[in-house]
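A.B. asks: Residue numbers (our numbering): 1 to 622. Here it is: the structure, laid out below.
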């Protein structure tokens, strides 16, 4: 029925579980993926989209490391947009609208075509723990399955409780039962647990909507894609649409506030601050007359529509009455109402940077069990947990990404160093080195490290090296090649920019804010260089960013190098902070609880001041 013993067992087959299983298996571990429903592998439980602000950078990083999320997103995309294109490249964020059913199908096919992955459908009710080490799982049928490591990716299923108005019932998501037993066992083993909530909007019948009353939201004219591999960009796309709530809609929603579990006290846990329910938005932003609603198709062929921005746990009759008063929704028909869900999570300060728990060896947590929200955040944690589970049992060095290497590094470091009391969502503002961590260079940053570890393929590495070589050569061309004033001045005059009187290097004029690659292509020799070296759009974009933002990039690299010096100062395992009386009481308590590995990590702990760090540095002889 099963292997005698697996290398890695992954519990849960959402975005975190799917990436964890793929990573461990592709590295060579015999992997078992256990889920309560094999038909919902890679299910998009909430909105049918991947990427977005900062999240798109994470998907690119997952792809650069050899994960599957970018490939699956490209294959199931129905629309592509590069967000924030009017801002600097550090803010550019790719996003796909996806076919929900195809997305799950592509994930299932990808995993079934991955060697070393076995599947089993049943609920895991507990862990097998021996001598402080995870050695397998126990199922609801009482079957023990042994392994050398376990990755828990339970999503919202741990004691999940669904709320719709006055009604509440157990469930991990609509139509699926909750998972029980694991939380209770982990708490008994000494783990701290908590409760969080999230929500989802109603799904409606697109045939009942009047799109002529809404604002079309088309994809990019020239769509790109997530994956650095050979997936295809879209040649046709589906439009999304935008509508707005009104004061009437708000008044109709307020009528149900006394029956709202959020306001009558039945829901006590915190939800995602940056993705509030519609009733929360009305309550918090009472001065606003309307809020945007994004009307998103669920796929190429289905009529099901996701009403983004209308997440709610109000009674279904209140939801229906209010939504009918939104422009374009006058004749709306529901597929199902929106709901809120409460679930167990474990504060992530109980983890190491590898996502292994501090209390139980070879036990890893990834995804919403760590207090995060979002497919992308979950998938990246699953990837890292799967990688490190494989490396640990094979006695290899852990794979850890620093804050200046990846958004994934920022995410993991934030979680285990600062913890979270509300669902954690990634933003560009969380990354202090976001000019280095762009979506366009994730392959340059991460593919060499992944290849060295054995996850990224040689083809991926060679493709990345070709991109790097060609873009660097193009930048060098601009550094070495001069322009003539009579060539560039007409362009500068057209841009209302100061002209030049004598020849200079192309790099200097290209660095000007208003001058673009299109302008440079008009200069003698540039288009010829592009043609002779077969440079594609990705190379042109990469070269332009390197030229125009060279000063910012160099400054951030310098700052990162300074921080790395603190990263290199290790704190001995089990260090006794109580003997350093010069530390503040709060610092001693926080340092003792989190047990930072380096001085740099210690400096990021809330409540640890610069003077506390100075005390540590003095003690360490620095």
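Here a beta-carbon is modelled for each residue, glycine too, at the ideal position from N, C-alpha and C.
Would you call residue 471 buried or exposed, if buried means 16 or more other Cβ atoms sit within 10 Å of its Cβ?
C.D. replies: Position 471 of the chain shown, counting from 1, holds the residue named residue 471. By the neighbour-count rule (16 or more Cβ atoms within 10 Å), residue 471 is buried.
A.B. asks: Are the CB atoms of residue 278 and residue 234 nearer to each other than 9 angstroms?
C.D. replies: Start at 1 with the first residue of the chain shown, and residue 278 comes out as number 278. Start at 1 with the first residue of the chain shown, and residue 234 comes out as number 234. Not a contact, by the Cβ cut-off of 9 angstroms.
A.B. asks: Give every residue of the same chain whose Cβ lies closer than 6 angstroms to the Cβ of residue 550, excluding the five residues on either side of it in the sequence, and list them in chain order.
C.D. replies: For the purposes of this step, residue 550 is taken as residue 550 along the chain shown, with counting starting at 1. Here the set comprises nothing.
A.B. asks: Please report the residue range of the alpha helix (DSSP H) in which residue 178 lies.
C.D. replies: If you number the chain shown from 1, residue 178 lands on position 178. Element bounds for residue 178: n/a, residue is neither H nor E.
A.B. asks: Give me the Cα-Cα distance between residue 606 and residue 123, rounded to the nearest whole angstrom.
C.D. replies: Walking along the chain shown from the start, residue 606 turns up at place 606. Walking along the chain shown from the start, residue 123 turns up at place 123. Between the C-alpha atoms of residue 606 and residue 123 there is a straight-line separation of about 38 angstroms.
A.B. asks: Considering only the beta carbon of each residue, do residue 337 and residue 312 sit closer than 9 angstroms?
C.D. replies: In the chain shown, residue 337 corresponds to position 337, counting from 1. In the chain shown, residue 312 corresponds to position 312, counting from 1. It is a contact, given that the beta carbons lie within the stated cut-off.
A.B. asks: Determine the direct distance from the alpha carbon of residue 347 to that of residue 424, and round the result to whole angstroms.
C.D. replies: Taking the chain shown and counting its residues from 1, the one referred to as residue 424 is at position 424. Taking the chain shown and counting its residues from 1, the one referred to as residue 347 is at position 347. Whole-angstrom Cα-Cα distance: 11 angstroms.
A.B. asks: Closest to residue 457 by C-alpha separation, out of 204, 49, 64, would be which residue?
C.D. replies: The count along the chain shown starts at 1 and reaches residue 457 at position 457. Ranked by how close their Cα comes to the Cα of residue 457, the residues 204, 49, 64 have 64 in first place.
A.B. asks: How big is the Cα-Cα spacing for residue 487 and residue 523?
C.D. replies: Residue mapping note: residue 487 aligns to position 487 of the chain shown, counting from 1. Residue mapping note: residue 523 aligns to position 523 of the chain shown, counting from 1. Taking the straight line joining both Cα atoms gives about 6 angstroms.
A.B. asks: Excluding the five sequence neighbours on either side, which residues of its own chain have a C-beta within less than 6 angstroms of the C-beta of residue 10, listed in chain order?
C.D. replies: Taking the first residue of the chain shown as position 1, residue 10 is located at position 10. The residues are 17, 20, 21, 33, 151.
A.B. asks: According to DSSP, is residue 134 helix, strand or coil?
C.D. replies: Here residue 134 refers to the residue found at position 134 of the chain shown. Strand at residue 134.
A.B. asks: Which ranges does the beta strand (DSSP E) cover as unbroken runs of at least 3 residues, wholly within the segment 198-254, from first to last along the chain?
C.D. replies: 203-205, 215-217, 240-244
A.B. asks: Smallest Cα separation from residue 217: which of 83, 255, 37?
C.D. replies: Here the question's residue 217 lines up with position 217 in the chain shown. Out of 83, 255, 37, 83 has the C-alpha closest to the C-alpha of residue 217.
A.B. asks: At the level of alpha carbons, what is the spacing between residue 288 and residue 244?
C.D. replies: Here residue 288 refers to the residue found at position 288 when the chain shown is read from its first residue. Here residue 244 refers to the residue found at position 244 when the chain shown is read from its first residue. Going from the Cα of residue 288 to the Cα of residue 244 covers about 12 angstroms.
A.B. asks: Runs of 4 residues minimum, wholly inside the segment 424-509: which ones carry the alpha helix (DSSP H) assignment?
C.D. replies: Within the segment 424-509, the complete alpha helix (DSSP H) runs of at least 4 residues are 442-453, 458-480, 485-494.
A.B. asks: Do you know whose CA, among 597, 621, 620, 585, lies nearest residue 608's CA?
C.D. replies: On the chain shown, residue 608 is found 608 positions in, with the first residue counted as 1. Comparing Cα-Cα distances from residue 608 to each of 597, 621, 620, 585, the minimum goes to 585.
A.B. asks: Spatial neighbours of residue 176 within its chain, please: CB distance less than 8 angstroms, with the 5 preceding and 5 following residues excluded, ordered by chain position.
C.D. replies: One-based indexing of the chain shown puts residue 176 at position 176. 36, 37, 40, 157, listed in sequence order.
A.B. asks: Pairing CB atoms from the segment 61-75 with CB atoms from the segment 219-229, are three or more of them under 8 angstroms?
C.D. replies: yes
A.B. asks: To the nearest angstrom, how far is it from the Cα of residue 385 to the Cα of residue 391?
C.D. replies: On the chain shown, position 385 is the one that residue 385 refers to. On the chain shown, position 391 is the one that residue 391 refers to. If I take the Cα positions, the gap works out to 10 angstroms.
A.B. asks: Using 8 angstroms as the cut-off, can you tell me whether the segment 162-170 makes contact with the segment 371-384, which would need three or more C-beta pairs spanning the two stretches below that distance?
C.D. replies: When C-beta atoms of the segment 162-170 are compared with those of the segment 371-384, fewer than three pairs fall below 8 angstroms, so the two segments do not count as touching.
A.B. asks: Let me confirm a value: residue 222 is counted as buried when at least 16 other C-beta atoms fall within 10 Å, else exposed. Which label applies?
C.D. replies: For the purposes of this step, residue 222 is taken as the residue at position 222 of the chain shown. By the 10 Å Cβ count, residue 222 comes out exposed.
A.B. asks: Within 10 Å of its beta-carbon, does residue 241 have 16 or more other beta-carbons around it, so buried, or fewer, so exposed?
C.D. replies: Taking the first residue of the chain shown as 1, we reach residue 241 at position 241. Buried, because 16 or more other Cβ atoms sit within 10 Å of the Cβ of residue 241.
A.B. asks: Spatial neighbours of residue 25 within its chain, please: CB distance less than 7 angstroms, with the 5 preceding and 5 following residues excluded, ordered by chain position.
C.D. replies: Position 25 of the chain shown, counted from the start, is the residue given in the question as residue 25. Scanning its chain for C-beta atoms nearer than 7 angstroms, with the 5 sequence neighbours on each side dropped, one finds around residue 25 the residues 31, 114, 115, 116, 117, in chain order.
A.B. asks: I'd like the ranges of any beta strand (DSSP E) spanning at least 3 consecutive residues and lying wholly in the segment 52-130.
C.D. replies: 77-83, 93-98, 117-121, 124-130
A.B. asks: Report yes if the C-beta distance between residue 593 and residue 349 is below 9 angstroms; otherwise report no.
C.D. replies: To locate residue 593, count along the chain shown from 1; it is residue 593. To locate residue 349, count along the chain shown from 1; it is residue 349. Cβ atoms of residue 593 and residue 349: closer than 9 angstroms.
A.B. asks: Suppose contacts are defined by Cβ-Cβ distances below 9 angstroms. Is residue 81 in contact with residue 220 by that definition?
C.D. replies: For the purposes of this step, residue 81 is identified with residue 81 of the chain shown, where counting begins at 1. For the purposes of this step, residue 220 is identified with residue 220 of the chain shown, where counting begins at 1. In contact: residue 81 and residue 220 (Cβ atoms closer than 9 angstroms).
A.B. asks: If the criterion is Cβ atoms closer than 9 angstroms, does the pair residue 95 and residue 55 meet it?
C.D. replies: Residue 95 sits at position 95 when you count from the first residue of the chain shown. Residue 55 sits at position 55 when you count from the first residue of the chain shown. A contact, by the Cβ cut-off of 9 angstroms.
A.B. asks: Only counting the same chain, and skipping five residues up and downstream in sequence, which positions put a Cβ closer than 6 angstroms to that of residue 322?
C.D. replies: For the purposes of this step, residue 322 is identified with residue 322 of the chain shown, where counting begins at 1. 249, 252, 253.
A.B. asks: Below 8 angstroms, is the gap between the Cβ of residue 449 and the nearest heavy atom of the ligand FMN?
C.D. replies: For the ligand FMN, the structure offers nothing, since it holds no ligand at all.
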